[in-house]
Structures are given as structure tokens and as C-alpha cells.
Amino acid sequence: MAQELRQITAEKQTQQLAAMQIAVAKLVELPVTDLAQRVRDEMLDNAALEEYDPDAPRDDDEPGTADDAHDDTADEEHAEHDDELADYLTPDDVPAYLQERHDNREQAYETPLTEGSSFYDELKRQMGEHNLTEREQEVMEYLIGSLDDDGFLRKDAATLCDELAVYHNVMTTPEEVERLLQVLQGFEPRGIGARSVQECLLLQLNDPDDHSPYTPLARQVLERCYKDFVGHRWDTIRQRLKLDAETWGHVLHRLQHLNPKPGSALGGADGAAVPVAVPDFYVTVTPDGEATVTLNRGEVPQVKVSASFTDTLRQLGAARRTLTREQKEAYVYSKNRVEAALSFINLINRRNQTLLAVMRAIVAFQRPFFDDDDEMLLRPLTLKEVAARAGVDISTVSRVTNSKFVETRYGIYPLRHFFSSQFTSTDGEEVSARLVKSTLRRLIDEEDKRHPLSDEALMAALKEEGLTVARRTVAKYRDMMGLPTARLRRTDGA
Numbered sequence: 001m002a003q004e005l006r007q008i009t010a011e012k013q014t015q016q017l018a019a020m021q022i023a024v025a026k027l028v029e030l031p032v033t034d035l036a037q038r039v040r041d042e043m044l045d046n047a048a049l050e051e052y053d054p055d056a057p058r059d060d061d062e063p064g065t066a067d068d069a070h071d072d073t074a075d076e077e078h079a080e081h082d083d084e085l086a087d088y089l090t091p092d093d094v095p096a097y098l099q100e101r102h103d104n105r106e107q108a109y110e111t112p113l114t115e116g117s118s119f120y121d122e123l124k125r126q127m128g129e130h131n132l133t134e135r136e137q138e139v140m141e142y143l144i145g146s147l148d149d150d151g152f153l154r155k156d157a158a159t160l161c162d163e164l165a166v167y168h169n170v171m172t173t174p175e176e177v178e179r180l181l182q183v184l185q186g187f188e189p190r191g192i193g194a195r196s197v198q199e200c201l202l203l204q205l206n207d208p209d210d211h212s213p214y215t216p217l218a219r220q221v222l223e224r225c226y227k228d229f230v231g232h233r234w235d236t237i238r239q240r241l242k243l244d245a246e247t248w249g250h251v252l253h254r255l256q257h258l259n260p261k262p263g264s265a266l267g268g269a270d271g272a273a274v275p276v277a278v279p280d281f282y283v284t285v286t287p288d289g290e291a292t293v294t295l296n297r298g299e300v301p302q303v304k305v306s307a308s309f310t311d312t313l314r315q316l317g318a319a320r321r322t323l324t325r326e327q328k329e330a331y332v333y334s335k336n337r338v339e340a341a342l343s344f345i346n347l348i349n350r351r352n353q354t355l356l357a358v359m360r361a362i363v364a365f366q367r368p369f370f371d372d373d374d375e376m377l378l379r380p381l382t383l384k385e386v387a388a389r390a391g392v393d394i395s396t397v398s399r400v401t402n403s404k405f406v407e408t409r410y411g412i413y414p415l416r417h418f419f420s421s422q423f424t425s426t427d428g429e430e431v432s433a434r435l436v437k438s439t440l441r442r443l444i445d446e447e448d449k450r451h452p453l454s455d456e457a458l459m460a461a462l463k464e465e466g467l468t469v470a471r472r473t474v475a476k477y478r479d480m481m482g483l484p485t486a487r488l489r490r491t492d493g494a
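If you're matching positions, the sequence shown starts at 1 in my numbering and goes up one per residue.
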């Protein structure tokens, strides 16, 4: 059969990313620490960009700045709430709920990232918040200095009294030492100054800011079933306190969030440096239940177009027909630099707007978690769902969540923490992989260690609880959680 070449005209739809989209994508994936260096590099490359103080007044006709994203997002909200207060003649006229909401937002904007300080210095700073006499301060400083790296006080009151008398010529009594120790135990982080792990955990549960409904039950576990708690005998605890599986899951989650080494939260007694996760977002929930998302500006310079460049353009542009060759070259150079500066500022603004849109979508989907910090409240979530709500591409959501963190009132979490694959329960309800892992861990904790459950048996047990999971998935999750096989979990004395 003879072959021949034919030229055919056909329409084909293809997608090509514009240069602007590619540039925004590159900025979107940068965490706040890397963005700061990126902006500084751009300022070195483009003389038309200069840093400015965002709090300083600026002219109405001043060129665009890299703070415009906040004008459209965070600052827009800021101004809106300032307007709420502007309706009242004096601060005394402002309703309490409005003033509290305004103060909470101000705190979110003004929260700085502090540099690391030593364990001793941080506790001594908190000591200044109490009205102590000069002698009480000496005793308190000695108590702080007597803490070990984990934040525990390993000496009894009588020994401390003797040491204060011998080494510092400070005469005190065991009763006064105990009283000042109670003051120290109210410092942050909670648990500091405890004499044992049990006391340390109980101190954390006595935090007046802890409003979890499961805290009283968690306290009962530590007070009445501490040996069983240490031995991970969950089934014994449940039977003794008469707790159902769901309630016990919440109580155990509360207990597992306590810190048995509170001194580590302040870097240890020697003030050694520890890795720090810098948040890119702050999420605050006001007393009236409103969730607010703000960006962390960190050390990112706020930039604008240099006034000298815009003045040059204005002057040379007004006399373009009479310019010399050198002046025309200066005009073209200034014009290109200003356009590049405005383009970069626009990129920064679009980056900030994209990040806020994605984070707000995540908060909307996982709102119960931000109210109660309970992983059991995290629903199954995919990048596609967030992309649809935020109005961006899935790849953009992936870039935003890749290496960024959010700070809530409960701690700092990677954005990937809020995404999870999902399974379908026997009643058709979608459940997250975290629920499967949590249930799997509970089943293994409660098993008879003389006859531990095989992966096949665990699969059947999960199915009985309404979670249909393949055996290979059980094995994968067990490995991910660092749980050994049934053969290695078997003990004769359990």
C-alpha cells in the first residue's frame, strides 16, 4: 500500500503557564524565612526597590509597595475592626466584646518571634511578674538554679534550706520554700518545679486556661490509675473509671499531649539551641468563635519603588522630545527598573493573597480542630477540596502546604498535618486515616500480650468497629507507628 504525506490543519487545546504564573508559583512555595532572603536578593539586583517602614506615613501618590497584600487582606480586616471602635466617642463607651475582639487581633499582629533565651533567664524573667521581697527573690533564684535539665526539682525542702544557709547565708524555712515552689510551679511551661513525673503531668492539667471537658477525667487517671497509665494498661483504666471507648480516646489524647520533660520546652538548663519551626500563619479564635488567619511577616523587608526613580521618570518623561542620547538611555533604564520593581511587588502581593486563601480554606474545613486541638476532629481532606474552595490550582495548594507551618493557641503544626487520606466505614461514612491509626494503636494497647493480635486479626477487629481496611494497610500503618509484629509484641508476663 502506497504511503503519502499529508498536511492537516487541526485545533488542539494546550495549556501554557505565563511567566507571571511561574514566578508566583516559585514565591508561593517559599516559607517566610526563605522569602526574606529572596526579597533582599531582589533589592540588590534592582536599585528601584527600596525598603520602607510600613508604620511610617506615606504620600497618597507613592508607588506600589509589597505591603499591598495586607491592604487587601489582613490590613483590610484590621481597618474594618478599627472602624468598629471609631463609632464610639471614648474607649469607655466601647462594648466589652468589641474591645476584646479588637485586642485579640492586635495581639495576633504584634506577636514577635523571640530569639532563644536560656532556661534560667526565661524563668527569672517570669519571676519579675510576682511581687517578691528581696529575700524571696534570692530563694526563688536558688530554686530555679536547682532545677535539672528536664525542669524537675530533685531536692527536698530541708536540703534546700541547708544549702541556702551554708552557701548564700540566706535563712529560710521548709514551709517558705514550699510556698515559693508553688509560685514557681505556676510559671510557663506548666510542670516546671515538679518533684516527679506524676506531679509534673498533674500540674499541666491544673492549668486554669485548660477548658477541655476531658481534663477532669485525665486528672483521675493520673491520681487513681498512675501505675496502670505508666504500664499502658488502657483496658484496666477504662474498666476502673467506667469509660466508653470514645471518651477514653479523648482522655488518652489529652494525656498524650502532656510534656513529661517541661524543661525541654525552654531549651534545657544550658540554653542549648534547638530546631525552631517558624510559623508562616497565625490562626486565632476569638471568644465569640470567630477564626482569624494572618500572615507572619517575620524578617521579610517591606519594599516599595524608589522615589528617586519615579522622579527621574516623571522629569525625563515630561521632556522626552528634547532628551539627549544619554538622557534617553537613563529614561529607558529607569523605566525598566521601575516596571520590574512593580512586577515584583505585585508577585509578593499575589503570593500573600494565595497563601491566605489556602490557609482560610484549611481552617474552614478543619474548624473543629482549631477549637479543641483534638486529632480525632480532623476530617479527611484532600488538596483538591482545598484548591476548589480557595479558587486555585491543586499544584498551588501543594506548594503552599509543602514546607509551611501554622501557629495556633495549642502549638505549631505543619500544614500537611491537616490533610489525610480517607476510608469508608461500614455505614458509608468517610473517616480519616488518623482515626484508623488511632483505633489500631488502641487495639494493640488493649490486646492480651500473651496472645497478641496478628495483622489479620487486627483487620477483623477494625472491621468490627466499622473501619474496613485491607491487611496490607494495617501492616503499613503499624510500621509507620513503630509498632512491632505480633511475634515481637508477645510477652509471657503480660
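Ideal placement from N, C-alpha and C gives every residue a C-beta, glycine not left out.
If the criterion is Cβ atoms closer than 8 Å, does the pair residue i and residue j meet it?
i, j, result
"P174", "A194", "no"
"E42", "L49", "yes"
"A341", "V305", "yes"
"S403", "P31", "yes"
"Q204", "N259", "yes"
"L381", "P368", "no"
"I345", "V303", "yes"
"E446", "D228", "no"
"E136", "L180", "yes"
"Q126", "E188", "yes"
"P452", "R490", "yes"
"L143", "L184", "yes"
"L347", "L44", "no"
"V177", "L202", "no"
"E385", "F365", "yes"
"T324", "T354", "no"
"L153", "G263", "no"
Is DSSP giving residue i helix, strand or coil here?
i, result
"L483", "coil"
"A475", "helix"
"L381", "strand"
"R229", "Note that residue 229 corresponds to Phe in the displayed sequence, not to Arg. Reduced to three states, the DSSP call for F229 is helix."
"A245", "helix"
"V183", "helix"
"L467", "strand"
"E134", "helix"
"I144", "helix"
"V274", "Residue placement at V274 is poorly supported in this model, since its pLDDT is 41, which falls under 50; the coordinates still yield a value, given next. Residue state, collapsed to three classes: coil."
"R489", "helix"
"Y214", "coil"
"R450", "coil"
"E80", "Residue placement at E80 is flagged as unreliable, the pLDDT there being 46, under the threshold of 50; the coordinate-derived value follows with that caveat. Helix, per DSSP."
"L202", "helix"
"M171", "coil"
"S403", "coil"
"K261", "coil"
"A194", "coil"
"V139", "helix"
"V221", "helix"
Within 10 angstroms of the Cβ of residue i, are there 16 or more other Cβ atoms? Answer buried if so, exposed if not.
i, result
"E80", "Low confidence applies to E80: its pLDDT is 46, below 50, so where it sits in the model is not reliable, and the reading given next is rough at best. Looking at its Cβ environment, which holds fewer than 16 other Cβ atoms inside 10 Å, E80 is exposed."
"I192", "buried"
"N131", "exposed"
"A387", "buried"
"D280", "buried"
"E464", "exposed"
"Q256", "exposed"
"E115", "Here the model assigns E115 a pLDDT of 41, short of 50, so the residue's position is not dependable, and the following value carries that caveat. Exposed, because fewer than 16 other Cβ atoms sit within 10 Å of the Cβ of E115."
"M359", "buried"
"R254", "buried"
"D72", "Its pLDDT being 48, under 50, D72 is placed unreliably by the model, and nothing is read from it."
"L444", "A small fix is needed here, since residue 444 is Ile in this sequence, not Leu. By the 10 Å Cβ count, I444 comes out buried."
"T322", "exposed"
Per DSSP, which residues does residue i bridge with? Please list them.
i, result
"E50", "K304"
"G411", "T408"
"V283", "V293"
"L554", "Shown here, the chain extends from 1 to 494; a query on residue 554 therefore has no answer."
Under 8 Å between C-beta atoms, does residue i make it to chain C?
i, result
"G151", "The displayed structure is made up of one protein chain only, and chain C is not part of it."
Suppose only complete runs of 4+ residues qualify. What are the alpha helix (DSSP H) ranges in the segment 295-371, listed by chain order? 307-318, 325-365
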